[in-house]
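K.L.:
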Ligand SMILES: [Zn+2]
C-alpha cells in the first residue's frame with residue numbers, strides 16, 4: 001500500500017501517464033481509499049489543464065498595454 005507521501009511524489013508522473021502498470025494500479029488503489037489524495041490529484045489535474053490552456057504566444061492585449069505604458073513614460077519625460 002502506497003503512503004500519501006509516496007503518492008504525492010508519484011503524482012506528476014501519474015498525471016503524465018509515466019508510471020508503469022503496477023505503479024498506476026498502486027496509485028489508483030490509494031486514490032480509491034484516500035479522499036485527501038483524490039482531492040489533491042484532482043487539483044493537480046485542474047492546474048495542469050489551466051497551464052496547458054494558456055496561449056503560447058504573447059497576448060496581443062498585453063503587448064498593446066506595454067506599448068501604451070512605454071509611450072506614456074516617453075511623454076512624461
Ligand atoms: Zn493518501
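In the UniProt record's numbering, the protein residues as written are 1 to 77.
C-beta atoms are modelled at their ideal positions from N, C-alpha and C, and glycine is treated no differently.
This structure is a prediction, so every number in the text was calculated from the model and none was measured.
Using the three-state DSSP reduction, which class does residue 59 fall into: helix, strand or coil?
P.N.:
Within the chain shown, the letter at position 59 stands for residue 59. In the structure shown, residue 59 falls within a coil segment according to DSSP collapsed to helix, strand and coil.
K.L.:
If you compare alpha carbons, which of 71, 12, 73 is closest to residue 41?
P.N.:
Taking the first residue of the chain shown as position 1, residue 41 is located at position 41. Looking at the Cα atoms, 12 is the closest of the given residues.
K.L.:
Specify the secondary structure class of residue 34 as computed by DSSP and reduced to three states.
P.N.:
Working through the chain shown from its first residue, we reach residue 34 at position 34. In the structure shown, residue 34 adopts coil according to DSSP, grouped into three states.
K.L.:
Quick check on this structure: which residue in 7, 25, 47 has the alpha carbon closest to the alpha carbon of residue 35?
P.N.:
Residue numbering aside, residue 35 sits at position 35 when the chain shown is read from its first letter. Relative to residue 35, the option among 7, 25, 47 whose CA is nearest is 7.
K.L.:
Straight-line CA distance for residue 52 to residue 45?
P.N.:
Taking the first residue of the chain shown as position 1, residue 52 is located at position 52. Taking the first residue of the chain shown as position 1, residue 45 is located at position 45. Using only the alpha carbons, I get a separation of about 11 Å.
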